[in-house]
Amino acid sequence: MIESLLIANRGEIARRIIRTARRLGVRTIAVHSDVDAAMPFVREADETVCIGPAAARESYLVPEKILAAAKQTGAAAIHPGYGFLSENAEFAEAVQAAGLVWVGAPPASIRAMGLKDAAKALMIAAGVPVTPGYMGEDQSPEHLHVQARAIGYPVLIKAVAGGGGKGMRRVDDDDAFIDALASCQREAASSFGNDQVLIEKYILGPRHIEVQVFGDTQGNVVHLFERDCSLQRRHQKVIEEAPAPGMDPVTRAAICDAAVKAAKAVDYVGAGTIEFIADASEGLRADRIWFMEMNTRLQVEHPVTEAITGQDLVEWQLRVASGEPLPLHQDQLVIDGWAMEARLYAENPVTGFLPSTGPLDRLRFPSGVRIDSGVEEGGEVTPYYDPMIAKLIVAAPAREAAAAKLAAACGALQVWPVRTNASFLARAAADPAFVSGDIDTGFIERHLGQLVPGGEPSEDVLQGAAAALLPTGAKDPWTALSGFRSAGEPDRRVAVDVAGQVHLVTLNGAPASGVVECVKGETLLFLKGEAWSFGPPVADDVAGGGCPSDGAILAPMPGRIVSLDVAAGEAVVAGQRLLVLEAMKMEQALLAPFDGIVAELSAQVGGQVAEGTVLARVEKRAEKDS
57 MIESLLIANR GEIARRIIRT ARRLGVRTIA VHSDVDAAMP FVREADETVC
107 IGPAAARESY LVPEKILAAA KQTGAAAIHP GYGFLSENAE FAEAVQAAGL
157 VWVGAPPASI RAMGLKDAAK ALMIAAGVPV TPGYMGEDQS PEHLHVQARA
207 IGYPVLIKAV AGGGGKGMRR VDDDDAFIDA LASCQREAAS SFGNDQVLIE
257 KYILGPRHIE VQVFGDTQGN VVHLFERDCS LQRRHQKVIE EAPAPGMDPV
307 TRAAICDAAV KAAKAVDYVG AGTIEFIADA SEGLRADRIW FMEMNTRLQV
357 EHPVTEAITG QDLVEWQLRV ASGEPLPLHQ DQLVIDGWAM EARLYAENPV
407 TGFLPSTGPL DRLRFPSGVR IDSGVEEGGE VTPYYDPMIA KLIVAAPARE
457 AAAAKLAAAC GALQVWPVRT NASFLARAAA DPAFVSGDID TGFIERHLGQ
507 LVPGGEPSED VLQGAAAALL PTGAKDPWTA LSGFRSAGEP DRRVAVDVAG
557 QVHLVTLNGA PASGVVECVK GETLLFLKGE AWSFGPPVAD DVAGGGCPSD
607 GAILAPMPGR IVSLDVAAGE AVVAGQRLLV LEAMKMEQAL LAPFDGIVAE
657 LSAQVGGQVA EGTVLARVEK RAEKDS
């Protein structure tokens, strides 16, 4: 077994690896940026090395700094985690050239599967079915446009070097293709240093199913069954589960055998994931499942596979990297129960899932579920890295029970003041269509209206907040006779300020819902995954309201300007795109609020801006004299 391990990653990924390494008696070394110095993974490692400033490109993505840290600490091996440099063949080769053990896929396998077009060609040669599309050398916009028309809309534009849901755009009609292509290429160049794309037929009613594979240095390859990326938003996974709902034994055998065949085609070693797209319009069928890509790393969603198989996949990685054979043969692996995983993000569904950063004054997780988290209460969500706070993993004997357990867990989360998608997750996991297994990758888009909270406090919130203001356990008549009036029925109305708005609530007598906590002097109600500040109204409380737009274009989130589509003095029309802001893997287009002239423009491409910064101002056109 490897004696010491440097983890070239951060957050929950590093903590997950440290947990297994410690159990196996392996000394761990954490590398970290300066802003991560107080993070839990740094504290939990046996040794730490600071490798640079916050920006990943100046710290976690610099191979030379990581190799220097390994030499400094006497590390025997490097585990890249499942992000950053985990699929960088040059880094893997540099690790091996330095005489260190690489806990990851062979560089040749990474290269073979790293470019989506080349990987597809390889799979075709190996007899693995692939989705129809274009993956040629001609990358001119005109040629790609012609190919998209030939394939037939809708199509999916994908960065050939992409991964993690980045560098992907769905296009539904011909007019939208060129803009979508430019956006995809820009994101691909920024994220992967390669702006080449391929085009695939977009499958209507698609299911995104992936198979966990593992290989060793003795030539053995096994699968650990399938996972279903059940719910997705903007190609980012939201809820995953294992096994896949509606999967019959014949189809399972076909897709898992295809995955093993794909892994053997590239002499695969270590943990990998073969991703498939399935046309589930008539249920899952073996002849309607096609290869999409291979991720040559351990996936974020691997815990659901661990839950149904009883295996520790990080332990498997360390044993295989140490030269040991796979711990189990294929016939020793079985599915036991059902597991689901939800990703808790620092984002606000009410504002279109814009990122939410800041301190975590309150962060309490429910009991009875597995929590993989990179942060703790008292920490902070910064704008520098992925906004995922934690993964919640549940297991149960059957799917319906797992969904109910996940919904309850998400609803019990307590996070403040950072906004999260907890309520959104709770609603999704409890949705009747989801519970019944009626899912595909477009589920969230179709059900968005009932999944996203309204932004205003519900009746349950108002009742809970109002009830919490009333005295309890009173012994004197002045407080015990709540609502008493000498000449009429008791008045059960309570004025309460919730999130800055005063509400007059008539108590219904039902038991109050939610949990009331005081956090740094603020009284909060936690209910169904949401957090609400409340208290008694003060004399000058007035109902808030918006004012007519003055044409100021404000940054809705901290981020970087990636595109500027207008110039000062230019005439614009309502809804016209002015600029594009990017943060945490998300692009946000800012539009003209009305017809007018760009009177001011302070935004610059590449500039970093804070939330609320005035980026531009549009003046309404003066009406012509009649």
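Numbering (our numbering), first residue to last: 57 to 682. The beta-carbon is built from N, C-alpha and C at its ideal position, and this holds for glycine as well. Just so we're clear, the structure is a prediction, and the values are computed from it rather than from any experiment.
| Item | Value |
| --- | --- |
| Report the three-state DSSP secondary structure of Asp323 (helix, strand or coil). | coil |
| What is the DSSP secondary structure of Asp494, reduced to helix, strand or coil? | coil |
| Between which two residues does the alpha helix (DSSP H) harbouring Ala150 extend? | 145 to 153 |
| Under a three-way DSSP split, which group does Gln388 fall into? | helix |
| Tell me where the alpha helix (DSSP H) around Ser203 begins and ends. | Contrary to the premise, residue 203 reads as Gln rather than Ser in this sequence. Note, Gln203: alpha helix (DSSP H), 197 to 207. |
| Using a Cβ-Cβ cut-off of 7 Å (strictly less than) and excluding sequence neighbours within five positions of Ile333, which residues of its own chain qualify? | Thr187, Ile259, Pro262, His264, Trp346, Met348 |
| Suppose the cutoff is 7 Å on Cβ atoms and the five residues either side in sequence are ignored; what does the same chain contact list for Arg75 look like? | none |
| In whole angstroms, give me the CA-to-CA distance for Gly67 and Asp428. | 10 Å |
| CB Gln373 to CB Val82, shorter than 7 Å? | no |
| Use the C-beta contact count for Val670: other C-beta atoms within 10 angstroms, 16 or more gives buried, fewer gives exposed. | exposed |
| If you draw a straight line from the alpha carbon of Cys466 to that of Lys676, how long is it in whole angstroms? | 45 Å |
| Measuring only the C-alpha atoms, how far is Glu266 from Leu504? | 25 Å |
| Rounding to the nearest angstrom, what Cα-Cα distance links Arg502 and Ala132 in this structure? | 50 Å |
| Of the choices Ile330, His358, Thr307, Val360, whose alpha-carbon is the least far from that of Asp343? | Thr307 |
| Looking only at its own chain, which residues have a Cβ that is under 8 Å from the Cβ of Ala624, when we skip the five neighbours before and after it? | Val654, Ala655, Glu656, Leu657 |
| Residues in the same chain with beta-carbon distance under 7 Å from Lys584, minus the five sequence neighbours each way, listed in chain order, please. | Gly467, Ser479, Ala482 |
| Can you tell me the Cα-Cα spacing of Ala126 and Leu62, whole angstroms? | 6 Å |
| Is the CB-CB distance between Ala645 and Pro614 below 7 Å? | no |
| Determine the DSSP secondary structure at Met95, reduced to helix, strand or coil. | coil |
| Look up Cys106 in the DSSP assignment and give the residues it is bridged to. | His88 |
| Considering only residues of the segment 270 to 306, which uninterrupted beta strand (DSSP E) runs meet the minimum length of 3 residues and lie entirely inside it, listed in chain order? | 277 to 289, 292 to 298 |
| I'd like to know whether the C-beta atoms of Ala580 and Ser589 end up nearer to each other than 7 Å. | Residue identity check: residue 580 is Leu in the sequence provided, not Ala. For Leu580 and Ser589, yes; Cβs fall inside 7 Å. |
| Since Tyr757 contacts Ala110 with CB under 8 Å, what's their CB separation in whole angstroms? | Only positions 57 to 682 of the chain appear in the structure, and residue 757 is not among them; the question remains open. |
| For the putative contact between Ala168 and Ala174, defined by C-beta atoms under 8 Å, what is the C-beta separation to the nearest angstrom? | 7 Å |
| What are the boundary residues of the beta strand (DSSP E) that Ala212 is part of? | Here residue 212 turns out to be Leu, not Ala, going by the sequence shown. Here the beta strand (DSSP E) through Leu212 covers 211 to 215. |
| If you draw a straight line from the C-alpha of Gly662 to the C-alpha of Ser619, how long is it? | 8 Å |
| Taking the alpha carbon of Val184 as the reference point, which residue from Val316, Asn276, Glu436, Glu198 has its own alpha carbon closest? | Val316 |
| With DSSP as the reference, label Leu354 as helix, strand or coil. | coil |
| Taking buried to mean at least 16 other C-beta atoms within 10 Å of its own C-beta, is Val665 buried or exposed? | buried |
| If contacts are defined as beta-carbon pairs under 8 Å, then Trp394 and Ala464 qualify, I think. What distance do you get, rounded to the angstrom? | Not really, about 15 Å apart at Cβ, beyond 8 Å. |
| Between the Cα of Phe140 and the Cα atoms of Leu526, Ser115, Ile213, Ala319, which residue gives the shortest distance? | Ser115 |
| Where His385 and Glu282 are concerned, what is the direct C-alpha to C-alpha distance, given to the nearest angstrom? | 17 Å |
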